[in-house]
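Q: Numbering (this note's numbering), first residue to last: 3 to 171.
Even for Gly, the Cβ is constructed at its ideal location relative to N, Cα and C.
Being a predicted model, the structure only gives us computed values, none of them experimental.
(1) Please tell me whether residue 135 and residue 157 are closer than 7 Å, where the distance is taken between their beta carbons.
(2) Between the beta-carbon of residue 129 and the beta-carbon of residue 67, is there less than 7 Å?
(3) Please determine, among 87, 61, 142, the residue with the shortest C-alpha to C-alpha distance to residue 152.
(4) Pull up the DSSP beta-bridge partners for residue 105, would you.
(5) When you compare the CB positions of residue 101 and residue 131, do they come within less than 7 Å of one another, or not?
(6) Among the candidates 11, 6, 47, whose CA atom is the shortest distance from the CA of residue 1?
(7) What residue from 104, 165, 154, 114 has the CA that sits closest to residue 83's CA?
(8) Leaving out the 5 sequence neighbours to the left and right, which residues in its chain are closer than 6 Å to residue 54 when beta-carbon positions are compared?
(9) I'd like the list of long-range same chain contacts for residue 127, defined as Cβ closer than 6 Å, with 5 residues on each side in sequence excluded.
(10) What first and last residue would you give for the beta strand (DSSP E) that runs through residue 164?
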């Protein structure tokens, strides 16, 4: 096996492993008459989503996740998520995530409510959250906040705060 995870591209890590150690006889002769054996080994590659080992999942009925108060550095909130596409015949099955920033006591901050948040759709690794106000969370850096995630038919793998220049396309 390759030592640990290998970064394959911007979206995936890979683990390489072998299996089936041993040899297989090349013909039906008894072993004592054989001159060659064919190796019976396979190399496998397993792909993992970046930061995608675990997720918080919500079904089509939806759900809410609220963090404990924490302090952050940075100016942008980035999410790694999948909001699953709508299934045929199920109009309310389309996935969506919205994020609200709250103070340490759980009160929504003006301009950063769930209604202000532009809904997130699709499959993204490092996607910035934006609000209708056009404001960024930078004003709350260094102060305790909570995040409230409203999710429907989606997986949230991770979130992080970053400076604007460190956002990947």
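A: Considering the structure as presented:
(1) The count along the chain shown starts at 1 and reaches residue 135 at position 133. The count along the chain shown starts at 1 and reaches residue 157 at position 155. For residue 135 and residue 157, no; Cβs fall outside 7 Å.
(2) Start at 1 with the first residue of the chain shown, and residue 129 comes out as number 127. Start at 1 with the first residue of the chain shown, and residue 67 comes out as number 65. Going by C-beta atoms, residue 129 is not nearer than 7 Å to residue 67.
(3) Position 150 of the chain shown, counted from the first residue, corresponds to residue 152. For residue 152, the nearest C-alpha among the options comes from 61.
(4) Looking up residue 105 in the chain shown gives position 103. Paired residue(s): 147.
(5) Counting from 1 along the chain shown, the entry for residue 101 is found at position 99. Counting from 1 along the chain shown, the entry for residue 131 is found at position 129. Contact: yes.
(6) Absent from the structure is residue 1, since the part of the chain shown begins at 3 and ends at 171.
(7) Along the chain shown, one-based indexing puts residue 83 at 81. Nearest of 104, 165, 154, 114 to residue 83, Cα basis: 154.
(8) Position 52 of the chain shown, counting from 1, holds the residue named residue 54. 159.
(9) Counting from 1 along the chain shown, the entry for residue 127 is found at position 125. Closer than 6 Å at Cβ, skipping near neighbours: 13, 52, 82.
(10) Sequence index remark: in the chain shown, residue 164 carries index 162 (1-based). Residues 156-164.
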